[in-house]
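Colleague: The structure's right below; bear with me while I get my questions together.
Residue numbers (UniProt numbering): 1 to 1172.
Structure below.
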């Protein structure tokens, strides 16, 4: 241990993220290892010096000794790009031109890239801007190929260093261990770092990602030339550690890097780590950079002038000054990082956030291996705990500094969650203590390394073909005599476990930091095991099974978590032992998912489709079904409790509604002609074109070509009823979203919970917004196209469900919110007779104001045309108007919706159902739903419907975003209130509401504030959910004797998860808004993008099992639990089945019957709406 301390203290430079920025040294014969410029070396003329000719010319290398005494060939400092200086600073790299000398001197390495290691006290700026060089090492026996195929696999290493430091020097990335095996060619590369590698203006002046583009250019060089060194250019593996691992992950994603490599290994990192979150405003950071180097008027310069000014600043000054931009100490560690470039950029490396690319399967599928260490977080934690000033500052400002360290927005909920999991014995006065070091290491390890690594593998095996492109995970827990902890702890030789970078000790020789292991030492066994473990993977694309283990494969994903085995390297005595551990860490996944979940509205995420647990389409053992339109292949999935079932994702049921089919009734899809349809989910099906006006920052998403459905069927295609084999029911789900947004993706409407029961589940898409509901009130565009899409999907189910093992006479339609209103409307279309036999509406009803038919659809269509710039829209015939609208770019169409808000920050549901003229062919709705329902003109099928206590929160949540209280704010709030309540225009409407719900209006103040959210929720809940439900039940009672029954439920179960955290994500401190709109869906559908999975046998898992069974039983029998003898005790209003919490852990939810009819409420809203 003392030797380690002496070694570290004697270094001029220390390591950050596994890289030392070393001074020059030598091999002992006077030749420099690190040089600022190429220097002539007479050794190039020696007989026997290794020579290689590549595309750019011939070069001469040198020999280096291996650890076993045999020499290998080294070609050092090979240029792969022009020096990025002058006009090439802050520019994409340019390939190096052929050299003019007869031989290029590759016998010594060149300088590291200009950098400053901020983890050092008063660190110097070292290196050079002229640094784009690589090193190639090959066994001495490996001669240049002479017509025979190259044989050795190639390993290309990308160093770590947080994107701000690092080198490819053999002092740190020594090739000796790999070369001693004589089994591979090894390449180490350099790339621009920090401000020089990652500054961006967000436009063509400096698009950014220069360091990553340097790596790509180096990989192109390797691909083009490695065969000349005896390497196999069809067997290239890229390996990276820490920021290098992040780079490797992003090369999988980047379109620039496709085809340049064939395997990937990521050590302690990937693109999902928090320190790789792309810079949101790169231009602002560039201007701040200019200010700290005293560029005059930086804020007012154009981006082009700004970059020109920064090119004039000496590189050392530029690199040395950026530490002034840190927020606390040296944090965030990675200040300059990757950015998302414009899709129109000619050489863009990254065109969307890495997390989106990885989630959506936008990457090349190749074998990949990921690894992590138990104490990764020591890289930062030790430096803080060993510095009294830093630790005290952290303790005194814990809630401010911790979010900076974790790169998360500050919030009380984040701090509370962290303390519960890691620091549960601390107090508010002392949130962290000196004896909490290991807990803090665990926190930083999980947040910055282990969780992203596990999440990356989990998401990969849900999308990739793991038979052709397998994934595997290792954990490096081997404790040797040398450890990077002595560096992180400023020379303290204490045992801090296996920390970040310790695995590098067994892959590379690192003479600048640690002495060589003595001959025969136990650590050399680990070196031999680890190096060959990597080379085996480079050769075969599969992790060698050093112990029997279960691979990370599609079919091994059980219970919605990463459920595969990890090979863990440990030390037992003097021997290396490989244990097999299970990778599932539900606590890590749950804790982190809760803090980074996506934002949705009305239970919908607008993302590209992600195939969930898709199987291999190229093998025979996949589900296949043939229907009238052709044959299709699906994939295997697992239910919440591990039951195997089949998934057919992205099945077309209608022709794409584009061109002349825009604003037209849907047309059935014809047979597919390209052989077997790929319904594995690997071909992404976009959501229907939409903009979620409740979340305008999400922009326009989806496509017009969107009429697809997903179908899930159990492996055992029969059910049991009273001991008798029966047909299994089909449940067709219609998503919500206010008729303007929505998604049927397994990301938010996953069938896993329902598939624990014998049922076929179908989730359908339908046109939204104007595309689904614009109408001219006549034949030109009759409207209700979204509802007709649903109807066509039901006809598809009726026609084809038998092929999937379903019974066409046992179909139930179920919808939530606008989907629930859609179900109600489908009941009122008598042409649907026979298409379904039961109906379920969850928190949605056709009699609600937001589902009421638009009164003047033609006028709305003309206003829409004017917003789109259609000239003389009000003078056109309706046919001319529709033709003009069909020529408008689809995305421009959707962007125009904001014009309907009249400047209000609050959303307006513009489009919805319309009443069509009876003369229109295939009219869906020829009278208002209220009239049809009151007359009993609807199908006679059992209907299960209900609400949750605070459905209205969906409309009151925007109030939480108001930070000012002005007249303008109140005017907008009134617009929101009255528009949501059906466009009420009567001047006395608002006073009536205020008098009824705010008895003492003097407490109102200038406008609605957070304090009024509960009252507004009640208004919206009653007026938009409870009253319409009550009205529909009362009207239905008039026809009870002739019609099928209505069953009511009230979902009052409060669990730990809630959509309120999504509808009001920035609410701090957290507030309990009760059981809100969509909360019941948490127990019906899996939504992995939003919420963590329930642990098996947890109270919530039991509730989900009970609720889904209730729904499936209703789909099977048409009967729901009820208290029928009391049905008429409340004026013909049936009692509701109330689902509520119990105090019994074994039975966390109880069922009881309750009366939800409120006479006063019903009378108030009846009078309120009748006066409008």
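Even for Gly, the Cβ is constructed at its ideal location relative to N, Cα and C. In this text the structure is predicted, and so the values were computed from the model without any measurement.
1. What residues are listed by DSSP as bridge partners for residue 64?
2. Buried or exposed, going by whether 16 or more other CB atoms sit within 10 Å of the CB of residue 979?
3. Alpha carbon to alpha carbon, what distance is there between residue 732 and residue 1086?
4. Buried or exposed, going by whether 16 or more other CB atoms sit within 10 Å of the CB of residue 166?
5. Can you tell me whether residue 1152 is helix, strand or coil according to DSSP?
6. For residue 824, which residues in the same chain have their Cβ closer than 6 Å to its Cβ, ignoring the five residues on either side in sequence?
7. How long is the line joining the alpha carbons of residue 1176 and residue 378, rounded to whole angstroms?
8. How big is the Cα-Cα spacing for residue 1156 and residue 762?
9. Quick check on the burial criterion: 16 or more other C-beta atoms within 10 angstroms. Buried or exposed for residue 265?
10. Please check the pair residue 285 and residue 329, which I expect to be a contact at CB under 8 Å, by giving their CB distance rounded to whole angstroms.
11. Residue 153 and residue 538 - do their beta-carbons sit closer together than 8 Å?
12. Consult DSSP for residue 6 and reduce its assignment to one of helix, strand or coil.
13. Name the DSSP beta bridge partners of residue 158, please?
14. If you draw a straight line from the alpha carbon of residue 816 to that of residue 735, how long is it in whole angstroms?
15. Going by beta carbon distance, what residues of the same chain come within less than 7 Å of residue 409, once the five residues before and after it are set aside?
16. Can you grab the Cα-Cα spacing for the pair residue 943 / residue 729, in whole Å?
17. Going by DSSP, what residue range makes up the beta strand (DSSP E) through residue 816?
18. Can you find the residues in the same chain that come closer than 6 Å, C-beta to C-beta, to residue 401, ignoring five residues on each side of it along the sequence?
19. I'd like to know whether the C-beta atoms of residue 273 and residue 246 end up nearer to each other than 8 Å.
20. Using a Cβ-Cβ distance cut-off of 8 Å, determine whether residue 685 contacts chain B.
21. Touching or not, the region 505 to 513 and the region 166 to 178, by the rule of three or more beta carbon pairs under 8 Å?
22. From residue 1034 to residue 1028, what distance separates their C-alpha atoms?
23. Return the chain-ordered list of same chain residues with a C-beta closer than 6 Å to the C-beta of residue 1167, the five sequence neighbours on each side being excluded.
24. Please confirm if the region 911 to 918 is in contact with the region 762 to 782, defined as three or more CB-CB distances below 8 Å between the two stretches.
25. Output yes or no for whether 8 Å exceeds the beta carbon distance between residue 212 and residue 261.
26. Should the region 1013 to 1030 be regarded as contacting the region 945 to 959, the criterion being three or more beta carbon pairs within less than 8 Å?
27. Taking C-alpha atoms, which residue in 414, 473, 303 and 111 lies nearest to residue 545?
28. Check the DSSP bridge columns for residue 133 and list the partner residues they point to.
29. Please go through the same chain and pick out, in chain order, the residues whose beta-carbon is closer than 8 Å to the beta-carbon of residue 92, but skip the five residues on each side of it.
30. Expressed to the nearest angstrom, what Euclidean distance is found between the alpha-carbon atoms of residue 801 and residue 626?
31. Using CA atoms only, rank isn't needed, just tell me which of 783, 819 and 810 is closest to residue 749.
32. Starting from the C-beta of residue 1163, find all residues in its chain whose C-beta is less than 7 Å away, skip the five residues before and the five after it, and write them out in chain order.
33. Taking the beta carbon of residue 126 as the centre, do at least 16 other beta carbons fall within 10 Å, making it buried, or is it exposed?
34. Would residue 839 and residue 812 be called neighbours here (beta carbons separated by less than 8 Å)?
35. Quick one: measure Cβ to Cβ for residue 115 and residue 319, integer angstroms, because I've assumed they're closer than 8 Å.
36. Comparing alpha-carbon positions, which option in 630, 658, 580 and 463 lies nearest residue 674?
Modeller: Judging by the given coordinates:
1. Residue mapping note: residue 64 aligns to position 64 of the chain shown, counting from 1. Residue 64 is bridged to 72.
2. Looking up residue 979 in the chain shown gives position 979. Buried, because 16 or more other Cβ atoms sit within 10 Å of the Cβ of residue 979.
3. By one-based count along the chain shown, residue 1086 stands at place 1086. By one-based count along the chain shown, residue 732 stands at place 732. Computed Cα separation, rounded: 16 Å.
4. On the chain shown, position 166 is the one that residue 166 refers to. Classification of residue 166: buried, given that the 10 Å Cβ count is 16 or more.
5. Taking the chain shown and counting its residues from 1, the one referred to as residue 1152 is at position 1152. DSSP places residue 1152 in strand when its eight states are reduced to three.
6. One-based indexing of the chain shown puts residue 824 at position 824. Within the same chain, residue 824 has close Cβ partners 841, 845 and 846.
7. Not covered by the structure: residue 1176. The range shown for the chain is 1 to 1172.
8. Taking the chain shown and counting its residues from 1, one reaches residue 1156 at position 1156. Taking the chain shown and counting its residues from 1, one reaches residue 762 at position 762. C-alpha separation (whole angstroms): 31 Å.
9. For the purposes of this step, residue 265 is taken as residue 265 along the chain shown, with counting starting at 1. Buried, because 16 or more other Cβ atoms sit within 10 Å of the Cβ of residue 265.
10. Position 285 of the chain shown holds residue 285. Position 329 of the chain shown holds residue 329. Contact flag wrong, Cβ pair sits at about 19 Å.
11. Translated into the one-based positions of the chain shown, residue 538 becomes position 538. Translated into the one-based positions of the chain shown, residue 153 becomes position 153. The answer is yes: Cβ separation under 8 Å.
12. In the chain shown, counting from the first residue as 1, residue 6 sits at position 6. Any reading at residue 6 needs caution, since the residue's pLDDT is 36, under 50, leaving its predicted position unreliable; the model's value is listed next. The answer is helix: DSSP assigns residue 6 an H, G or I state.
13. Here residue 158 refers to the residue found at position 158 when the chain shown is read from its first residue. Residue 158 is bridged to 189 and 240.
14. In the chain shown, counting from the first residue as 1, residue 816 sits at position 816. In the chain shown, counting from the first residue as 1, residue 735 sits at position 735. Those two C-alpha atoms are separated by around 6 Å.
15. Here residue 409 refers to the residue found at position 409 of the chain shown. Excluding positions up to five away in sequence, the list reads 403.
16. As a position in the chain shown, residue 943 is number 943, starting the count at 1. As a position in the chain shown, residue 729 is number 729, starting the count at 1. For residue 943 and residue 729, the distance between alpha carbons rounds to 16 Å.
17. Along the chain shown, one-based indexing puts residue 816 at 816. 806 to 816 is the extent of the beta strand (DSSP E) around residue 816.
18. Within the chain shown, numbered from 1, the residue matching residue 401 stands at position 401. For residue 401, where only same-chain residues beyond five positions count, the Cβ hits under 6 Å are 328 and 394.
19. If you number the chain shown from 1, residue 273 lands on position 273. If you number the chain shown from 1, residue 246 lands on position 246. Yes.
20. The structure shown contains no chain B, having only a single protein chain.
21. yes
22. For the purposes of this step, residue 1034 is taken as the residue at position 1034 of the chain shown. For the purposes of this step, residue 1028 is taken as the residue at position 1028 of the chain shown. Their backbone Cα atoms lie some 10 Å apart in a straight line.
23. One-based indexing of the chain shown puts residue 1167 at position 1167. So no residue of the chain qualifies.
24. yes
25. As a working mapping, residue 212 is identified with position 212 in the chain shown. As a working mapping, residue 261 is identified with position 261 in the chain shown. No. Outside cutoff.
26. yes
27. Indexing the chain shown from 1 puts residue 545 at position 545. Of the listed residues, the one whose Cα sits closest to residue 545 is 473.
28. Along the chain shown, one-based indexing puts residue 133 at 133. Paired residue(s): 79.
29. As a position in the chain shown, residue 92 is number 92, starting the count at 1. Cβ neighbours of residue 92 beyond the five flanking positions: 207, 210, 213 and 347.
30. One-based indexing of the chain shown puts residue 801 at position 801. One-based indexing of the chain shown puts residue 626 at position 626. Going by the C-alpha atoms only, they are around 11 Å apart.
31. On the chain shown, residue 749 is found 749 positions in, with the first residue counted as 1. Answer by Cα proximity: 819.
32. Residue numbering aside, residue 1163 sits at position 1163 when the chain shown is read from its first letter. Closer than 7 Å at the Cβ level, and outside the excluded window around residue 1163, lies no residue.
33. Position 126 of the chain shown, counted from the first residue, corresponds to residue 126. Buried.
34. Stepping through the chain shown from its first residue, residue 839 is reached at position 839. Stepping through the chain shown from its first residue, residue 812 is reached at position 812. Closer than 8 Å, so yes.
35. For the purposes of this step, residue 115 is taken as the residue at position 115 of the chain shown. For the purposes of this step, residue 319 is taken as the residue at position 319 of the chain shown. The Cβ separation is near 7 Å, so the contact holds.
36. Taking the first residue of the chain shown as position 1, residue 674 is located at position 674. Residue 674 has its Cα closest to that of 630, out of 630, 658, 580 and 463.
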